[in-house]
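A.B. asks:
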Amino acid sequence: MVHSDSSSFSTDLDGSVPAAHSLPAELAARPAAAWIARFGTDLAGAAAGPLAGLRFAAKDNIDVAGVPTTAACPAFAYTPGAHAEVVERLLQAGAALAGKTNLDQFACGLNGTRSPYGAVPNALDGRYVSGGSSSGSAYVVAAGEVDFALGTDTAGSGRVPAGLNNIVGLKPSKGLVSTRGVLPAAQSVDCVSILAPTVAMAVRVLEAAIAHDPQDPYSRALPMARAPLPDAFRFGVPAVPEFYGDTLAEAAFAGACAQLEALGGTRVAIDYAPLAAAAALLYDSALVAERYAAVRDFFDAHADAVVEPVRSILAAGQRYGAANVFDAQHRLQALAAQALPMWEQIDLLCLPTAPTHCTVEAMRAAPVERNRELGHYTNFVNLLDYAALSVPASLRPDGLPFGITLVGRAGSDWQLADLGQRFHHATGLPQGATGRPLPAPVPVAALQPTPATHLALAVVGAHLSGLPLNGQLTSRGARLQEATATTPRYRLHALPGTVPPKPGLRRLAEGEAGGTAIALEVWQVPLAEVGSFLALVPAPLALGSVELADGRWVHGFVCEGHALQGAEDVSAHGGWRAYVAARVAAAADMAPIPTVS
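Counting from 43, one number per residue, gives the positions in the sequence shown under my numbering.
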């Protein structure tokens, strides 16, 4: 749904009109206050690299050498002599920078209306807020004007605008991406966020951006989870969710949870109170002093240059003392400990990215209250050191987007991306506001099994998909890699007296005739789970090596020779699954025919 009310739009700082690309005609005809500075010629990146051919935009609290950083406060503007570290890394990876985008002033807001350069409209319906503070970055991605954009995220500034504009917002674990050259909002919890039309694009950018930066005091080399979430994963949802009376959002969230269940998830109700209490500390405690500290010298001299309600929020930080800050930090640690047992019940959280939509008019009428509503499900995440990914879930009956956020522990970024991509592509939604369909999904490379992380294991019997012992693999996070067959040099035997029934695989001796190819599956088992899995394998089966049809050798189950003496040779069926099916069919044929008296 697109509306042409010109009161929701304003021109760019440079007077230019954003490129139309695939936007609907009535929206393309109007300029939006998304850009602060759009370069006449893109700032070119390296000639080659993993991001070569892509264009991006940077939120205007992120430094670009020779271009003013305004943070949406003209009186504050300065011109940096060097790129922010994340910008430098993306340029070196081959991406080209198209310009800088509008934001809620000093990244203080979740709605996109707190800027002297104009309110950034929602890309799908200009009467509604875009979300913030990375408002311009979300808009230009949703409109298809760039391939991806950088935002920042302290309290949800990269996730809320993604959810409200039908795009992906990836908020990395703290410290994965350097914030050197990024104007702080609250430096201890700031993250550079990535806004993109698809999860695959966001992952591609994160792969190029990740690096430990010794010059960033909050950068860290964080151990990352490399195994996907279990196929049967558990996702936590608030026991009593809050939608502020928005029944369409409530219904959309119910639909999203049902979709996660269809992907293998089990819904678990969690107590949201500790998370909500942690979220409240961001603005309602001495922690807000960190926002004031970020611009203290400027604010003390030029408070009148700061727009409301940003001015009042920053001023609130002036009244706290050091002891108040420690009190707030101790309270936060207590809440983190209170939330910790939650993770014993779930693998991740699933939350509405935003519980409701809000018109620009309503936001201006009650800027603090409406903004607080938008952050109901986001403010706690960085404070408690979690990773998060916002993905589109649906378009509501009124045409407005609804998104969910997947939240995991620090270092779960690749796991969230894997599940988030599967969820996003199951929705069938278009990309942003462009109408373009989603491209084919791309596997998350960091989760692809390698010999350093997984054991490739061939199974030929009761561990095959759908057979009685397959759960011993899936419960350990093993993933099916492929269904294939052995080279035609094997025989398969049904071992007598085994429960459940199991086969024994025998490789023929060199020169021995009569071999055949036996169907099998190759599973990737996380190395940390191999020992507990092998402990369940009884004699006469043992771990050996099996030759596949294409000549590869992988580990697999073989059988001690003595156990095959007298065992039925079932090789003619071509595999254990076919043999079991034949036995079931034969048993059905032999069942007595009921008589009618």
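Glycine residues also receive a C-beta, built at the ideal position from the N, C-alpha and C atoms. Values in this document were obtained by computation on a predicted structure and should not be read as measured data.
Could you have a look at H467 and say whether DSSP puts it in helix, strand or coil?
C.D. replies: Note: H467 maps to helix in three-state DSSP.
A.B. asks: Should V106 be labelled buried (16 or more other beta-carbon atoms within 10 Å of its own) or exposed?
C.D. replies: That one is buried.
A.B. asks: Give me whichever residues DSSP pairs with P472 in a beta bridge.
C.D. replies: Answer by DSSP bridge pairing, in chain order: P479.
A.B. asks: Please determine, among T529, A100, H372, the residue with the shortest C-alpha to C-alpha distance to A137.
C.D. replies: Nearest option by C-alpha distance: A100.
A.B. asks: Would F575 be called buried (16 or more neighbouring beta carbons within 10 Å of its own) or exposed?
C.D. replies: Buried.
A.B. asks: So, is L585 buried or exposed, given that buried needs 16 or more other C-beta atoms within 10 angstroms?
C.D. replies: Exposed, since its Cβ has fewer than 16 Cβ neighbours within 10 Å.
A.B. asks: Between the C-alpha atoms of L206 and L522, what's the straight-line distance to the nearest angstrom?
C.D. replies: Roughly 36 Å between the two C-alpha positions.
A.B. asks: For the alpha helix (DSSP H) holding P409, just list the boundary residues, first then last.
C.D. replies: Per DSSP, P409 belongs to the alpha helix (DSSP H) from 409–416.
A.B. asks: Could you compute how far the alpha carbon of A475 sits from the alpha carbon of L139?
C.D. replies: Roughly 21 Å between the two C-alpha positions.
A.B. asks: Taking the alpha-carbon positions, what's the P163 to A88 distance?
C.D. replies: The straight-line gap from Cα to Cα measures roughly 33 Å.
A.B. asks: So what's D84 in DSSP terms, helix, strand or just coil?
C.D. replies: Strand, per DSSP.
A.B. asks: Could you tell me whether the stretch 167–177 touches the stretch 395–407, using the rule of 3 or more Cβ pairs below 8 Å?
C.D. replies: The stretch 167–177 vs the stretch 395–407: in contact.
A.B. asks: Hey, would you say D460 sits closer than 8 Å to L271, going by beta carbons?
C.D. replies: Yes, these two residues count as a Cβ contact at 8 Å.
A.B. asks: Quick one: is Y419 near chain C, going by C-beta distance under 8 Å?
C.D. replies: Included in the structure is just one protein chain, with no chain C present.
A.B. asks: Does DSSP classify S235 as helix, strand or coil?
C.D. replies: S235 falls in the strand class under three-state DSSP.
A.B. asks: To which residues of the same chain is H254 closer than 6 Å at the C-beta, ignoring the five residues directly before and after it?
C.D. replies: S261, A263, listed in sequence order.
A.B. asks: Over the uninterrupted alpha helix (DSSP H) stretch that includes H372, give me the two end residues.
C.D. replies: Where H372 is concerned, the enclosing alpha helix (DSSP H) stretches over 364–381.
A.B. asks: Comparing alpha-carbon positions, which option in A488, A525, D440 lies nearest A500?
C.D. replies: Nearest of A488, A525, D440 to A500, Cα basis: A525.
A.B. asks: Can you tell me whether H63 is helix, strand or coil according to DSSP?
C.D. replies: Low confidence applies here, because H63 scores a pLDDT of 27, under 50, leaving its location unreliable; read the following figure in that light. The answer is coil: DSSP assigns H63 none of H, G, I, E or B.
A.B. asks: Let me know the secondary structure DSSP gives L69 once reduced to three states.
C.D. replies: For L69, the pLDDT reaches just 36, beneath the cut-off of 50, and the residue's location in the model is therefore unreliable, although a value from the coordinates is still provided. Of the three classes helix, strand and coil, the one that applies to L69 here is helix, per DSSP.
A.B. asks: Does DSSP classify E563 as helix, strand or coil?
C.D. replies: Strand at E563.
A.B. asks: For S230, which three-state DSSP category applies?
C.D. replies: DSSP places S230 in coil when its eight states are reduced to three.
A.B. asks: What are the start and end residues of each continuous alpha helix (DSSP H) run of 4 or more residues lying completely inside the stretch 283–326, in chain order?
C.D. replies: Counting whole runs of 4 or more residues, the stretch 283–326 contains the alpha helix (DSSP H) stretches 289–304, 315–326.
A.B. asks: Would you kindly check if the distance between the Cβ of N153 and the Cβ of G178 is under 8 Å?
C.D. replies: No, Cβ-Cβ distance for G178 and N153 is not below 8 Å.
A.B. asks: Can you tell me whether Y314 is buried or exposed, with buried defined as 16 or more other CB within 10 angstroms of its CB?
C.D. replies: With 16 or more other Cβ atoms within 10 Å, it is buried.
A.B. asks: What first and last residue would you give for the beta strand (DSSP E) that runs through E524?
C.D. replies: Note, E524: beta strand (DSSP E), 521–527.
A.B. asks: Pop quiz: Y428 and R451 are said to be a contact at Cβ under 8 Å. What is the actual Cβ separation, rounded to whole angstroms?
C.D. replies: Between R451 and Y428 the Cβ distance is about 6 Å, and since that is below 8 Å, they are a contact.
A.B. asks: When the Cα atoms are used, what is the spatial distance from D232 to N366?
C.D. replies: Cα to Cα, D232 sits roughly 21 Å from N366.
A.B. asks: Are there three or more Cβ pairs, one per stretch, closer than 8 Å when the stretch 299–306 is compared with the stretch 265–280?
C.D. replies: The stretch 299–306 is in contact with the stretch 265–280.
A.B. asks: Should the stretch 277–297 be called in touch with the stretch 476–485, which here means at least 3 C-beta pairs below 8 Å?
C.D. replies: Taking 8 Å as the limit for Cβ pairs, the verdict is that the stretch 476–485 does not touch the stretch 277–297.
A.B. asks: With a threshold of 7 Å on Cβ separation, who are the neighbours of H651 within its own chain once the five nearest residues in sequence on each side are excluded?
C.D. replies: Residue 651 falls outside the range modelled here, since the chain spans only 43 to 639, and no answer is possible.
A.B. asks: Leaving out five residues on either side along the sequence, give the residues of the same chain with a beta carbon under 7 Å from the beta carbon of P226.
C.D. replies: Same-chain partners within the cutoff: D232, A336.
A.B. asks: Please list, in chain order, all residues of the same chain as L93 whose beta carbon is under 8 Å from its beta carbon, the five residues on each side excluded.
C.D. replies: The answer, listed in chain order, is G87, L132, A135, G136, A137, R246, V247, A250.
A.B. asks: Put T420 into one of helix, strand or coil per three-state DSSP.
C.D. replies: In the structure shown, T420 sits in coil (DSSP, three-state: anything other than H, G, I, E or B).
A.B. asks: Considering Cα atoms alone, identify which of P582, I560, V433 is closest to A468.
C.D. replies: Checking every option, the nearest Cα to that of A468 belongs to V433.
A.B. asks: Within a Cβ cutoff of 7 Å, which residues of the same chain sit near A76, ignoring the five residues on either side of it in sequence?
C.D. replies: Result list for A76: P60, T143, N144, V162, G178, Y181, V182, in chain order.
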